Every structure is written in structure tokens, then in C-alpha cells.
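A short write-up of the structure that comes next.
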Amino acid sequence: MIMTVSTVKDNLGNIQRFVTGNLASGADHMFVFLDQSEPEVEAWLAERDNVTTVVTDKSWWRGKRPGRLNLRQNINANLALAVAEQVGGVEWLFHVDADEVVRIDRDVLDQVPAEANVVNLRPLEVVGVLEPQGPPTLFKRLLDEGELQLAVALGLLEEPSNPRYFRSHIAGKMGVRPGTDRYLEIHMATDAEGVRKPAHRAPGLEMLHYEAYSGAEFVRKWKNMITSGPTMHFGDERMALATALKTLVELDLPADVKTRHLETFYQRHMADPVEELDSLGLLERIDPTRGSHRPEPLTRDQRDTLAAALDAIRLEDKRNYMPPRAKLRVEEKADEDQKTEPTAEQGQGFRKLLGRRKRIT
Numbered sequence: 059m060i061m062t063v064s065t066v067k068d069n070l071g072n073i074q075r076f077v078t079g080n081l082a083s084g085a086d087h088m089f090v091f092l093d094q095s096e097p098e099v100e101a102w103l104a105e106r107d108n109v110t111t112v113v114t115d116k117s118w119w120r121g122k123r124p125g126r127l128n129l130r131q132n133i134n135a136n137l138a139l140a141v142a143e144q145v146g147g148v149e150w151l152f153h154v155d156a157d158e159v160v161r162i163d164r165d166v167l168d169q170v171p172a173e174a175n176v177v178n179l180r181p182l183e184v185v186g187v188l189e190p191q192g193p194p195t196l197f198k199r200l201l202d203e204g205e206l207q208l209a210v211a212l213g214l215l216e217e218p219s220n221p222r223y224f225r226s227h228i229a230g231k232m233g234v235r236p237g238t239d240r241y242l243e244i245h246m247a248t249d250a251e252g253v254r255k256p257a258h259r260a261p262g263l264e265m266l267h268y269e270a271y272s273g274a275e276f277v278r279k280w281k282n283m284i285t286s287g288p289t290m291h292f293g294d295e296r297m298a299l300a301t302a303l304k305t306l307v308e309l310d311l312p313a314d315v316k317t318r319h320l321e322t323f324y325q326r327h328m329a330d331p332v333e334e335l336d337s338l339g340l341l342e343r344i345d346p347t348r349g350s351h352r353p354e355p356l357t358r359d360q361r362d363t364l365a366a367a368l369d370a371i372r373l374e375d376k377r378n379y380m381p382p383r384a385k386l387r388v389e390e391k392a393d394e395d396q397k398t399e400p401t402a403e404q405g406q407g408f409r410k411l412l413g414r415r416k417r418i419t
């Protein structure tokens with residue numbers, strides 16, 4: 059059985075594509091942690107037998123909600139990993155975002171060597187179009203050196219690098235076999251000491267990334283990220299764009315003027331030369347919702363074990379499920395604070411501690 063885990067904050071239409079696509083393209087069961095209550099989304103998810111939904115409200119975090127989205131994602135991922143280990147029969151757990159869909163050839167996954175406990179899903183990124191006509195089904199793959207040089211020569215790319223070709227990450231996402239000596243982060247898996255574990259890669263192990271595929275989706279997603287807690291780390295270039303976008307969104311401008319500038323922003327930094335890329339054979343047409351995979355249902359015993367495990371964890375301090383690198387950084391920061399801050403400040407909570415940090419993962 060293949061499971062996924064995600065922490066999401068999105069609209070119903072995107073969630074429907076996310077769930078339908080993952081279940082049709084390789085996943086059997088999905089853990090979906092809602093980062094905030096969304097009644098319409100909750101109602102739809104409740105009707106899906108292959109989805110376990112957790113609303114991460116105040117009762118979930120028990121007054122200790124991490125300020126950073128990345129840390130909340132990592133905690134929920136490792137919590138799900140612990141549950142999957144108890145459920146039994148779970149071969150892999152993949153950590154993906156709400157705008158990502160696994161695309162897994164099960165025959166290829168079954169052939170992963172037994173000693174390999176981590177696999178990497180190679181990313182394909184949806185093309186960016188200001189006002190797309192119809193569902194997004196055109197994807198960019200990572201280019202080889204010759205293709206990158208050709209794209210530069212034709213004026214389609216500023217420099218021959220996949221990080222510049224993709225709007226978002228090129229690292230892909232990780233899946234792990236459930237076990238006590240491995241931890242999930244956003245783009246890696248580590249051991250108990252926080253050392254990155256090597257990942258197995260193979261054709262047929264991929265993920266689709268719906269990163270800012272339209273102007274409207276771009277604004278919605280980035281506004282969500284900007285308002286998801288203390289400043290997130292996007293990487294230097296993306297951080298500069300995030301700062302510029304936040305400034306534009308917060309400017310007191312007439313709606314039509316702001317819309318015009320947002321469209322200019324998208325066309326300049328996000329839109330792809332789709333026609334030219336397609337004519338060169340550099341794009342792939344994929345509709346994951348039409349995948350042929352038929353999810354394996356949980357047995358009654360598995361479902362009961364899963365529910366009991368989540369009920370028990372609900373009463374725990376979720377910080378117990380932080381990945382090792384995050385724990386180490388929080389401990390280091392706490393030590394620094396004890397040396398430099400007045401005694402009255404030493405007892406400040408976890409959330410404020412995180413709020414002073416620049417980066418957790």
C-alpha cells in the first residue's frame with residue numbers, strides 16, 4: 059500500500075484535482091491535514107474512503123501551533139509516518155503539497171532494492187499561462203544540457219539552468235518506507251541524527267507540480283504563503299519576488315490598477331513561452347485524473363488501527379514529531395536565548411521562539 063501525507067490550505071476545486079489525481083496516479087490512501095478549517099473542503103473529503111482528514115485546529119496543536127508552515131508540514135508528515143508504521147502493510151509514504159500529484163509506475167516502485175528506504179520523485183512543472191483555456195495538462199520536464207543551451211539560444215531562457223527554467227523547486231519530493239530510523243522533511247529524508255539519507259531515483263517515479271499555472275492561482279497561492287506565519291524561506295530569488303509581491307498586494311491602489319500590475323508581474327516572472335516550448339517537443343501532456351490506478355482500500359483492522367493511533371496522538375505534544383534538524387535548531391536557539399535574554403524572557407513559548415528564527419528547515 060502506498061500512502062501520501064500533505065498539509066493543505068486550498069480551495070475545493072484544487073483539492074478535488076489534488077485528491078483525484080493522486081488516487082488515480084499511484085496513491086492508495088492519503089493523509090490530508092487541513093491547516094485551517096474549510097467546511098466545504100472538509101465535507102467533500104469526508105466522503106472519500108481513501109482519505110484520512112485531520113483539521114489542525116486549536117484542539118490539535120493544544121496551544122503549541124508552530125508559526126512556520128514548513129515546520130507544521132514536517133511535523134504532520136512525521137506524525138503520519140508514525141501512524142503508517144502502526145497500521146502495517148504500508149510500503150511507502152510520500153510527502154507532497156496540495157499542488158503536487160504523485161505519478162508512480164508501481165512496477166518500477168516494486169523493483170526498488172530492499173536496502174533503499176528512500177525514493178525521490180522527479181518533478182514535472184505545469185506551464186504558466188496568465189489565463190489558461192481549460193484544465194492545466196501541459197508540463198515541463200527537466201532539460202538536459204543541450205536542450206538548455208538551445209532554449210537560451212532561442213531566447214526562451216535567460217541562462218542554461220533548470221533552476222531558472224522551473225519557477226519552483228527541481229528537487230522533487232521524497233517517499234520513505236515506514237521505519238523508526240527515518241524522518242521526512244519537505245525535500246529530503248534524514249536519519250535520527252539529521253543526516254540526509256540517499257534517495258533511489260528511476261524513470262517512472264515522478265511528481266506533477268501545479269506551481270502558479272495561472273495568474274489567479276499565482277496570486278492566491280503566494281498570498282497564502284506570505285500570510286502563513288513568520289517569514290518563510292523561498293530561496294534568494296523567490297524571496298525577492300515574494301517581497302515584491304507582498305508590497306504590491308498591500309499597496310492602497312484602485313482594483314483595476316493593482317490587477318494590471320499583478321498581470322505584468324506574472325507575465326514577466328511566471329509565464330512560459332508555451333507555444334515555442336511545445337513546438338520543440340519539450341512539453342508533456344498529462345492529465346493525472348485520468349490515471350489507471352485503482353486504490354487499494356484499507357482493511358477494517360487497518361482503519362481501526364489508524365483511527366486509534368490518531369486519537370492517541372491528538373493528546374500528545376506535536377513537537378515530538380519534529381524532524382531531527384528542526385529539533386536541533388530549536389534547542390540551539392533556546393540555548394542562545396538563555397545566554398542573551400533576561401530571565402523573564404526565557405520562558406517564552408515555542409511559537410514566539412520560532413517567530414524569531416529566520417529558517418527552521
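Going by this note's numbering, the letters in the sequence shown line up with residues 59 to 419, in that order. Where a beta carbon is used, it is the ideal one built from N, C-alpha and C, also for glycine. Please read all numbers here as calculations on a predicted model, not as lab measurements.
Taking 7 Å as the cut-off, the beta carbon of Val148 is found no closer than this to the beta carbon of Ala247. If you keep only unbroken beta strand (DSSP E) runs of at least 3 residues inside the segment 106-157, you get 109-113 and 150-153. Cβ-Cβ distances below 6 Å link Phe89 to Val63, Thr110 and Ala138 in the same chain, with the five nearest sequence neighbours on each side left out; the list follows chain order. Rounded to the nearest whole angstrom, the C-alpha separation of His258 and Pro382 is 22 Å. Residue pairing from DSSP places His87 in a beta bridge opposite Met61.
In this structure, DSSP gives Thr322 a helical state, which the three-state scheme calls helix. Per DSSP, Asn378 lies in no beta strand (DSSP E) segment and is marked neither H nor E. Secondary structure of Thr248 (DSSP, three-state): strand. 7 Å or more divides the Cβ of Ser226 from the Cβ of Glu158.
Taking 7 Å as the cut-off, the beta carbon of Ile73 is found closer than this to the beta carbon of Val99. DSSP, read as helix, strand or coil, puts Ile162 in strand. Here Val277 has Leu320 as same chain residues with Cβ atoms under 7 Å from its own Cβ, once five neighbours each way along the sequence are excluded.
In the structure shown, the three-state DSSP call for Val307 is helix. In this structure Tyr324 is in contact with Leu188, their Cβ atoms being roughly 6 Å apart against a cut-off of 8 Å. DSSP assignment within the segment 160-236 yields the following whole alpha helix (DSSP H) runs of 4 residues or more, N-terminal first: 164-168, 203-211 and 220-223. Between Glu243 and Asn132, the C-beta gap is smaller than 7 Å, which places the two residues in contact. In this structure, the alpha-carbon of Phe76 lies about 15 Å from that of His351. Taking C-beta atoms as the reference points, Pro194 and Val184 count as a pair closer than 7 Å.
Pairing Glu342 with Phe224 gives a Cβ-Cβ distance that is not under 7 Å.
The alpha-carbon separation between Gly237 and Asp249 amounts to approximately 10 Å. Cβ neighbours of Asp345 within its own chain (closer than 6 Å, five residues either side excluded): Thr195. Counting C-beta atoms within 10 angstroms of its own C-beta, Met297 has fewer than 16 neighbours from the protein chains shown and is therefore classed as exposed.
If the five residues before and after Ser95 are omitted, its C-beta is found closer than 7 Å to the C-beta atoms of Val113 and Asp115, all from its own chain and listed in chain order. Approximately 7 Å separates the beta-carbon atoms of Ile162 and Ser83; this is inside 8 Å, confirming the contact.
Segment contact: the segment 352-370 against the segment 121-130, fewer than three CB-CB distances shorter than 8 Å; contact not assigned.
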